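For reference, the structure discussed in these notes is given below.
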Amino acid sequence: MTAPAAPSSSPPSSASPTGGPLPAIAVRDFQKRFTLVELERLFSEPSTIVRRVEAVRGISFTVDHGQVYGFLGPNGAGKTTTIKACMDLIRPTSGVIELYGRPPGDPVVKQRIGYLPEHPYFYDYLKPQEILDFFGRLFGLDRAERKKRIGELLERVGLSHAQNRALRKFSKGMLQRLGIAQALLNDPDLLVLDEPMSGLDPMGRRDIRELILEERRKGKTVFFSTHVLSDAEHLCDRVAIVVRGTVRREGLLSDLLVSEAGRTQILMRGGTPELQASLRELGARIEVVGASLDITLDATLTNSALERCIAAGASIDRVSALRDSLESIFVREAEGADAPAGGHVERGDG
Ligand SMILES: Nc1ncnc2c1ncn2[C@@H]1O[C@H](COP(=O)(O)OP(=O)(O)O)[C@@H](O)[C@H]1O
Ligand SMILES: [Mg+2]
Numbered sequence: 002m003t004a005p006a007a008p009s010s011s012p013p014s015s016a017s018p019t020g021g022p023l024p025a026i027a028v029r030d031f032q033k034r035f036t037l038v039e040l041e042r043l044f045s046e047p048s049t050i051v052r053r054v055e056a057v058r059g060i061s062f063t064v065d066h067g068q069v070y071g072f073l074g075p076n077g078a079g080k081t082t083t084i085k086a087c088m089d090l091i092r093p094t095s096g097v098i099e100l101y102g103r104p105p106g107d108p109v110v111k112q113r114i115g116y117l118p119e120h121p122y123f124y125d126y127l128k129p130q131e132i133l134d135f136f137g138r139l140f141g142l143d144r145a146e147r148k149k150r151i152g153e154l155l156e157r158v159g160l161s162h163a164q165n166r167a168l169r170k171f172s173k174g175m176l177q178r179l180g181i182a183q184a185l186l187n188d189p190d191l192l193v194l195d196e197p198m199s200g201l202d203p204m205g206r207r208d209i210r211e212l213i214l215e216e217r218r219k220g221k222t223v224f225f226s227t228h229v230l231s232d233a234e235h236l237c238d239r240v241a242i243v244v245r246g247t248v249r250r251e252g253l254l255s256d257l258l259v260s261e262a263g264r265t266q267i268l269m270r271g272g273t274p275e276l277q278a279s280l281r282e283l284g285a286r287i288e289v290v291g292a293s294l295d296i297t298l299d300a301t302l303t304n305s306a307l308e309r310c311i312a313a314g315a316s317i318d319r320v321s322a323l324r325d326s327l328e329s330i331f332v333r334e335a336e337g338a339d340a341p342a343g344g345h346v347e348r349g350d351g
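Residue numbers (the numbering used here): 2 to 351.
Here it is as structure tokens:
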């Protein structure tokens, strides 16, 4: 995995009490419980059923300015619920959410945010140009600015060829691209994307990955949810893995991947049978690849192994920390949380 380049632009003007830039998103102990009241009339008297769904059970995380932050988790983990609360579309049951130090509903904050919902919906009979022009007006962009930005954005998301086609003739992937153009319309400091790769073919996914990295190079912050781990592994500075409404792992992706593995790989040539036996004594696993040896062992034994190799006159080609894959961490966390689902049912009188 290649680490993305450091952001280049200056942080936003708002500053924390300590003088540093305020985090783009700060979520503290966010909980969301949905209450569904249903009427049931199965056999005799109608009765109400109150169903409570614990969608999110106390999530905390911080997205710093300039980061690409991946919000990962299996279906039903609570990602969309958390994102909707950050976008002021639903209210937390408890907990605090702040964007640049302000409540999510603050108009100043909304001006700085671009948002792609999980299921973007646009009026079918409009054309991309028309729908983007409508959103541009909502953001108060003047006519010349709208024209310029809309042209640029349609080009950027690969929809220039379809700018005069009504949206009812768009494929799922094309609507997704339009949703991303709409999210970028106000040149936001913070881009929030709920499953941005959904419905896209491999080229589309590559385009969106590139677009996210471009935003990062401009110094913008990108917060996105996904269950496509290879995308997250290529893009993110930091990730949270959410399972059943709680954060199971959180941190810099590089730390998460290295610390998980705890093993070292040594590639070398000229390893005698005696050296191999001596390394096996240390618990090393050895594979012979042509004239080379591929040795993996516990990271705490790296120095001892290297001393033995050097003393035996072997020629060392590479020593590297083995990284875990995001997928293996994800699967471990998701399977480790196989508790019963969060909803419970109460019966009331009819
Ligand atoms: N409006 C709602 N009413 C009732 N339950 C909901 C509602 N929205 C989401 N849920 C439930 O909350 C849980 C988390 O959903 P969601 O946040 O959409 O997960 P994710 O985006 O991670 O797939 C799921 O069990 C889902 O069924
Ligand atoms: Mg979702």
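Note that CB positions come from ideal geometry on N, CA and C, so glycine has one too.
As the structure is a computational prediction, the values presented were derived from the model and not from experiment.
Check                                                                                                               : Outcome
Enclosing alpha helix (DSSP H) for Gly115 [first to last residue]                                                   : Gly115 -> not in any alpha helix (DSSP H); beta strand (DSSP E) instead, spanning 114–117.
Exposure label - Tyr126; buried when at least 16 CB within 10 Å                                                     : exposed
Asn76: CB within 7 Å of a non-hydrogen atom of ligand 1                                                             : yes
Candidates Asp318, Lys148, Leu176: closest to Leu160 by CA position                                                 : Leu176
Beta-ladder partner(s) of Val243, from DSSP                                                                         : Val248
One or two residues paired with Val229 in a DSSP bridge                                                             : Beta-bridge pairing links Val229 to no other residue.
Element boundaries [alpha helix (DSSP H), containing Thr83]                                                         : 80–87
Nonlocal neighbours in the same chain, by C-beta distance under 6 Å from Leu254, ignoring five residues either side : Cys237, Val240
Cβ-heavy atom distance, Lys80 to ligand 2, below 7 Å                                                                : yes
Buried or exposed by the 16-neighbour rule on C-beta atoms within 10 Å, applied to Arg249                           : buried
Where the beta strand (DSSP E) containing Ile98 begins and where it ends                                            : 95–100
Classification of Glu99 by the beta-carbon crowding that lies within 10 angstroms, buried from 16 upward            : buried
Residue from Asp65, Ala322, Asp318 with nearest C-alpha to Met269                                                   : Asp318
Reduced DSSP secondary structure (H/G/I, E/B, other) of Ala4                                                        : Unreliable placement is indicated for Ala4, whose pLDDT of 39 sits below 50; no coordinate value is reported for it.
DSSP bridge partner residues for Asp68 (one or two, in chain order)                                                 : Contrary to the premise, residue 68 reads as Gln rather than Asp in this sequence. Answer by DSSP bridge pairing: none, since Gln68 is not bridged.
Under 8 Å between C-beta atoms of Leu192 and Leu154                                                                 : no
Leu37 CB to nearest heavy atom of ligand 1 below 7 Å                                                                : yes
Same chain, Cβ closer than 7 Å to Glu216, five either side skipped, listed in chain order                           : Leu192, Val223
Residue closest to Lys111, alpha-carbon to alpha-carbon, out of Gly220, Asn187, Phe72                               : Asn187
Option nearest Lys80 by Cα separation, candidates Asn165, Leu194, Gly21                                             : Leu194
For Ser199, the first and last residue of its enclosing beta strand (DSSP E)                                        : Taken as a continuous stretch (DSSP letters only), Ser199 belongs to no beta strand (DSSP E), as it is neither H nor E.
Three-state secondary structure (DSSP) of Ala342                                                                    : The pLDDT assigned to Ala342 is 42, lower than 50, so where the model puts this residue is not dependable; a value taken from the coordinates is nonetheless given after this. It is coil, neither helix nor strand.
Contact check, Gln277 vs Ile287, beta carbons under 8 Å                                                             : yes
Where the beta strand (DSSP E) containing Glu39 begins and where it ends                                            : 26–41
For Glu347, three-class secondary structure by DSSP                                                                 : Residue confidence is low: Glu347 scores 41 on pLDDT, short of 50, so the model does not pin down where it sits. Its coordinate-derived value is still stated next. Residue state, collapsed to three classes: strand.
Per DSSP, cross-strand counterpart(s) of Thr222                                                                     : Leu191
Outcome for Phe331 when other beta-carbon atoms lying within 10 angstroms are tallied against a minimum of 16       : buried
Ser199 beta carbon near ligand 2 (any heavy atom closer than 7 Å)                                                   : no
From Glu46, Gly271, Pro197, residue whose alpha carbon lies closest to that of Cys118                               : Cys is not the amino acid found at residue 118; the sequence shown has Pro there. Ranking the options by Cα distance to Pro118, first place goes to Pro197.
Ser172: CB within 7 Å of a non-hydrogen atom of ligand 2                                                            : no
Heavy atom of ligand 2 within 7 Å of Glu119 beta-carbon                                                             : yes
Check: Ser226 C-beta below 7 Å from any heavy atom of ligand 2                                                      : yes
Residue of Glu131, Gly96, Ile242 minimising C-alpha distance to Arg166                                              : Glu131
Ligand 1 heavy atom lying under 7 Å from the CB of Val54                                                            : yes
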